[in-house]
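Trainee:
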Amino acid sequence: MRVEYINPFVESAFSIMQEVLQTEVQRKELYLKKTSQPVMGVAALVGLAGDVEGRVLIDMSKVTAIAIASSMNGEELTELDDLVKATITELANMVTAQAVTKLHELGFKFDLTPPSIITGDNMQVSDLNVEALIVPLTVPHGLVEINVAIRERV
Amino acid sequence: MDQTVTEELKQDIKKQDQEKVKQEDFKMVTFTLAGRDYALDIMKVKEISKANKFTYVPNSAPYVRGVYNLRGDIISVIDLRIFFNQFDRDKQSNAANELENMIILRLEDHVIAVIVEPLEKVVGVFKDEIQPTHPLFGDINIKYINGVVEKNERLYVILDVEKIFNSRDTPEIKVNIPKAKVVAKIDVETPLPTTSSSADFAAKDDINLKFISETLATFKVFYPSEINQKWLKNRFKDWANIRNKSGKDVQFSSEDEAKAFIKGFYSPYPNTLWDKTYADIIAGFIDKNKTGNFTVWNPGCGKGSETYSLSVMLKEHNSKLLLKILANDNDLISISTAPGLIIPSDKLDSTYKKYTVEGSNGVQFNKERKSSIIFEYHDVMHENNLPALDMVVMRDILSFVPVEMQGKLLQDVEENLRPGGILLLGQNESIDGRTNWKMEEKDNIKIYRKK
Numbered sequence: 001m002r003v004e005y006i007n008p009f010v011e012s013a014f015s016i017m018q019e020v021l022q023t024e025v026q027r028k029e030l031y032l033k034k035t036s037q038p039v040m041g042v043a044a045l046v047g048l049a050g051d052v053e054g055r056v057l058i059d060m061s062k063v064t065a066i067a068i069a070s071s072m073n074g075e076e077l078t079e080l081d082d083l084v085k086a087t088i089t090e091l092a093n094m095v096t097a098q099a100v101t102k103l104h105e106l107g108f109k110f111d112l113t114p115p116s117i118i119t120g121d122n123m124q125v126s127d128l129n130v131e132a133l134i135v136p137l138t139v140p141h142g143l144v145e146i147n148v149a150i151r152e153r154v
Numbered sequence: 155m156d157q158t159v160t161e162e163l164k165q166d167i168k169k170q171d172q173e174k175v176k177q178e179d180f181k182m183v184t185f186t187l188a189g190r191d192y193a194l195d196i197m198k199v200k201e202i203s204k205a206n207k208f209t210y211v212p213n214s215a216p217y218v219r220g221v222y223n224l225r226g227d228i229i230s231v232i233d234l235r236i237f238f239n240q241f242d243r244d245k246q247s248n249a250a251n252e253l254e255n256m257i258i259l260r261l262e263d264h265v266i267a268v269i270v271e272p273l274e275k276v277v278g279v280f281k282d283e284i285q286p287t288h289p290l291f292g293d294i295n296i297k298y299i300n301g302v303v304e305k306n307e308r309l310y311v312i313l314d315v316e317k318i319f320n321s322r323d324t325p326e327i328k329v330n331i332p333k334a335k336v337v338a339k340i341d342v343e344t345p346l347p348t349t350s351s352s353a354d355f356a357a358k359d360d361i362n363l364k365f366i367s368e369t370l371a372t373f374k375v376f377y378p379s380e381i382n383q384k385w386l387k388n389r390f391k392d393w394a395n396i397r398n399k400s401g402k403d404v405q406f407s408s409e410d411e412a413k414a415f416i417k418g419f420y421s422p423y424p425n426t427l428w429d430k431t432y433a434d435i436i437a438g439f440i441d442k443n444k445t446g447n448f449t450v451w452n453p454g455c456g457k458g459s460e461t462y463s464l465s466v467m468l469k470e471h472n473s474k475l476l477l478k479i480l481a482n483d484n485d486l487i488s489i490s491t492a493p494g495l496i497i498p499s500d501k502l503d504s505t506y507k508k509y510t511v512e513g514s515n516g517v518q519f520n521k522e523r524k525s526s527i528i529f530e531y532h533d534v535m536h537e538n539n540l541p542a543l544d545m546v547v548m549r550d551i552l553s554f555v556p557v558e559m560q561g562k563l564l565q566d567v568e569e570n571l572r573p574g575g576i577l578l579l580g581q582n583e584s585i586d587g588r589t590n591w592k593m594e595e596k597d598n599i600k601i602y603r604k605k
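In order, the protein sequence lines correspond to chains C and X. Using this note's numbering, you'd call the opening residue of the first sequence number 1 and step up by one each time. Using this note's numbering, you'd call the opening residue of the second sequence number 155 and step up by one each time.
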């Protein structure tokens with residue numbers, strides 16, 4: 001993962017989370033993971049294509065997803081319904097879009113795919129030949145991991 | 155009424171089929187090897203022909219059947235069955251009389267013929283039909299496979315011919331030996347054969363050395379192996395002497411002591427720019443007249459001093475090269491500062507001075523030097539996705555990764571370095587036992603050149 005890519009994602013994840021949840025966000029140590037890694041339960045996936053290619057995955061447990069959606073919507077939600085999914089999709093969109101804007105400013109050009117939500121138990125995500133950068137963020141609602149796997153197009 | 159509906163339906167289906175044909179991403183030539191189905195991209199195929207009685211080339215690798223005169227061009231002929239150890243011995247007997255099926259491949263920079271068993275047909279393939287390879291494909295090294303595709307209820311293994319015959323000028327030598335042999339060679343853990351020099355090693359010392367080796371690995375500071383064995387033995391003798399004199403136990407009592415033990419191991423100029431004399435000696439190993447792309451891999455680049463030194467050294471040595479340096483480190487803080495490395499200006503050598511600019515925070519390298527380097531946050535212990543390389547600078551990296559990773563890392567280097575490419579290891583590291591490398595030495599600095 002090129003050094004230049006790291007900061008935009010970390011910064012935008014941090015600032016968006018802080019803004020939409022109106023709460024304190026703590027960043028834990030970033031790390032790299034190789035191909036296969038577990039997904040906690042609710043994952044919003046945004047694809048990137050252009051000068052760089054890959055995907056961004058915003059990953060959290062079901063409980064966290066419901067709590068985050070509740071506070072973003074300003075109402076108490078109890079189950080993982082369409083509203084929760086739509087809210088998490090929006091969160092993923094905001095984080096990725098801001099990061100991409102920052103990367104555009106640095107001169108990297110690429111497009112985004114619309115986010116999709118994947119839910120389930122015991123899931124794993126694999127990216128052949130790409131290492132994933134994990135940005136763990138803790139908020140009072142739980143742990144949210146921004147999982148970025150992108151590479152230069154060859 | 156019913157009939158028209160079915161007619162319409164049929165036409166609809168036909169239309170869809172036609173559309174599907176149009177959308178085919180690429181076509182594959184399929185063939186069999188020892189009863190199995192394989193395919194390769196038709197764009198790599200120049201032509202297909204039949205021939206036999208190839209001109210035998212003495213002393214070539216067994217899978218090289220000889221050379222063939224293709225309308226005036228002499229091309230080498232490689233037998234894929236032998237190359238992949240898929241040889242069906244019963245068929246060998248009539249091979250002499252029968253014409254062989256040849257696929258003539260046009261690769262990046264040369265033409266090569268491969269012998270296969272009956273060619274089947276050309277099939278269209280959609281990109282999304284290609285399944286990734288499964289690690290269980292034992293018979294052919296997985297690196298040589300692009301994927302697997304199902305067509306007409308048969309599974310075709312798609313070969314990546316560019317990878318298989320990845321070479322610059324002389325294909326016969328560069329074709330890498332199938333995996334089975336490579337694996338055998340990377341067994342780094344094999345204990346060193348007892349040589350005469352070990353005679354002065356008392357049995358007790360042997361045990362102590364073994365203990366020390368294990369402690370170093372446990373503290374994760376240093377992984378003793380064949381690569382650093384020589385240095386370790388000498389260092390152990392000195393260490394034992396010093397400790398005995400001061401009446402201390404030879405064994406380490408703390409991690410700090412373990413660190414003190416390996417202090418002398420490091421190569422010169424860690425975290426500082428290379429001295430001109432040092433850089434000149436290393437540059438001396440590189441062809442001065444080479445032009446075109448020159449790709450360097452520099453894992454463990456830390457804060458980037460080494461990488462910038464390399465960039466300047468190569469530029470000074472041969473300015474015609476189109477330089478690309480891939481620098482990796484798994485330390486996020488170090489690598490993040492690397493692109494904008496600040497150099498203390500009082501330490502700046504005149505050679506480096508002309509490649510720097512004065513910024514608001516201090517002296518930095520100029521844009522041209524910076525753009526020759528791509529800094530990446532990457533852990534070499536994960537999968538290394540590398541282009542073809544001309545040089546690898548890996549000083550004091552191998553000894554600091556676990557022993558089983560050392561072999562894998564060396565294999566990655568071996569697979570991606572072009573023949574004649576240079577590997578620079580730490581000053582106390584050596585890979586003398588490996589067959590694919592030739593050691594060259596000048597003023598006590600060693601490099602390994604890939605054969």
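Don't be surprised by glycine CBs; every beta carbon is placed ideally from N, CA and C.
Compare the C-beta of residue 147 (chain C) against all C-beta atoms of chain X and say whether one is closer than 8 Å.
Mentor: no
Trainee: Below 9 Å on C-beta distance, what does residue 536 (chain X) contact in chain C?
Mentor: Correct list: 32, 33, 34, 35, 131.
Trainee: Please check the pair residue 124 (chain C) and residue 37 (chain C), which I expect to be a contact at CB under 8 Å, by giving their CB distance rounded to whole angstroms.
Mentor: 7 Å
Trainee: I'd like to know if residue 380 (chain X) contacts chain C, where contact means its C-beta is closer than 8 Å to some C-beta of that chain.
Mentor: no
Trainee: Mind pulling the beta strand (DSSP E) runs of 3 or more residues that sit fully within the region 8-84 of chain C?
Mentor: 31-33, 36-39, 42-50, 52-60
Trainee: Strictly by DSSP, which residues pair up with residue 259 (chain X)?
Mentor: X:199, X:266
Trainee: According to DSSP, what are the bridge partners of residue 132 (chain C)?
Mentor: C:33
Trainee: Please say whether residue 45 (chain C) and residue 126 (chain C) have beta carbons closer to each other than 8 Å?
Mentor: If you check the CB distance, residue 126 (chain C) and residue 45 (chain C) do not come in under 8 Å.
Trainee: Determine, using beta-carbon pairs with one atom in the region 84-97 of chain C and one in the region 63-74 of chain C, whether at least three such pairs fall under 8 Å.
Mentor: yes
Trainee: So what does DSSP say about residue 94 (chain C), is it helix, strand or coil?
Mentor: helix
Trainee: Classify residue 566 (chain X) as helix, strand or coil using the three-state DSSP reduction.
Mentor: helix
Trainee: Buried or exposed: which applies to residue 325 (chain X), given that a residue is buried once 16 or more other Cβ atoms fall within 10 Å of its Cβ?
Mentor: Because the pLDDT of residue 325 (chain X) is 36, which lies under 50, any placement of that residue in the model is unreliable, and the number read from its coordinates should be weighed accordingly. With 16 or more Cβ atoms within 10 Å of its Cβ, residue 325 (chain X) is classed as buried.
Trainee: In chain C, what lies closer than 7 Å to residue 486 (chain X) by C-beta?
Mentor: 30
Trainee: Listing by chain order, which chain C residues have their CB less than 7 Å from the CB of residue 528 (chain X)?
Mentor: 2
Trainee: State whether the region 429-442 of chain X contacts the region 393-402 of chain X, with contact taken as three or more CB pairs (one from each stretch) at a distance under 8 Å.
Mentor: no
Trainee: Would you mind working out which of C:78, C:147, C:151 sits nearest residue 57 (chain C), comparing C-alpha positions?
Mentor: C:147
Trainee: Quick one: residues in its chain with C-beta nearer than 6 Å to the C-beta of residue 330 (chain X), no 5 flanking neighbours on either side, listed in chain order?
Mentor: For residue 330 (chain X), the predicted structure reports a pLDDT of 41, less than 50, and the residue's modelled location is therefore unreliable. A value from the coordinates is still provided. Non-local C-beta neighbours of residue 330 (chain X) in its own chain, meaning closer than 6 Å and more than five positions away in sequence, are absent.
Trainee: Could you work out which residues of chain X lie near residue 128 (chain C), taking near to mean beta carbons separated by less than 8 Å?
Mentor: Neighbourhood of residue 128 (chain C) in chain X, by CB distance below 8 Å: 286, in chain order.
Trainee: Check residue 327 (chain X) in the structure and name its three-state DSSP category.
Mentor: At residue 327 (chain X) the pLDDT is 36, less than 50, meaning the model places this residue with poor confidence; the figure from the coordinates comes in the next sentence. In this structure, residue 327 (chain X) counts as helix in the three-state DSSP scheme.
Trainee: Helix, strand or coil for residue 205 (chain X)? Go by DSSP, reduced to three states.
Mentor: strand
Trainee: Determine the chain X residues that contact residue 6 (chain C) at a beta-carbon separation under 8 Å, and present them in chain order.
Mentor: 486, 490, 531
Trainee: If we ignore side chains and look at the alpha-carbon of each, how far apart do residue 124 (chain X) and residue 565 (chain X) end up?
Mentor: Because chain X here runs from 155 to 605, residue 124 (chain X) falls outside it and cannot be looked at.
Trainee: Applying the criterion that 16 or more other CB atoms from any shown protein chain within 10 Å of the CB defines a buried residue, is residue 511 (chain X) buried or exposed?
Mentor: exposed
Trainee: My output table needs one value for residue 603 (chain X): the three-state DSSP class, helix, strand or coil.
Mentor: strand
Trainee: What's the C-alpha gap between residue 393 (chain X) and residue 586 (chain X)?
Mentor: 25 Å
Trainee: Output yes if chain C places a C-beta closer than 8 Å to the C-beta of residue 306 (chain X); else output no.
Mentor: no
Trainee: What is the DSSP secondary structure of residue 469 (chain X), counted as helix, strand or coil?
Mentor: helix
Trainee: Does residue 493 (chain X) come within less than 8 Å of chain C when only Cβ atoms are used?
Mentor: yes
Trainee: Alpha carbon to alpha carbon, how far is residue 363 (chain X) from residue 369 (chain X)? Give it in angstroms, no decimals.
Mentor: 10 Å
Trainee: Report the neighbours of residue 539 (chain X) on chain C: residues whose CB is nearer than 8 Å to its CB, in chain order.
Mentor: 129, 130, 151
Trainee: Which residues does DSSP list as the beta-bridge partners of residue 312 (chain X)?
Mentor: Residue 312 (chain X) is bridged to X:193, X:301.
Trainee: State whether the region 46-53 of chain C contacts the region 25-32 of chain C, with contact taken as three or more CB pairs (one from each stretch) at a distance under 8 Å.
Mentor: no
Trainee: Any chance the region 586-597 of chain X sits against the region 545-557 of chain X, with 3 or more Cβ pairs inside 8 Å?
Mentor: no
Trainee: Does DSSP put residue 220 (chain X) in a helix, a strand or coil?
Mentor: In the three-state reduction of the DSSP assignment, residue 220 (chain X) falls in the strand class.
Trainee: Between which two residues does the alpha helix (DSSP H) holding residue 234 (chain X) run?
Mentor: First-last of the alpha helix (DSSP H) with residue 234 (chain X): 234-237.
Trainee: Can you tell me whether DSSP reads residue 102 (chain C) as helix, strand or coil?
Mentor: helix
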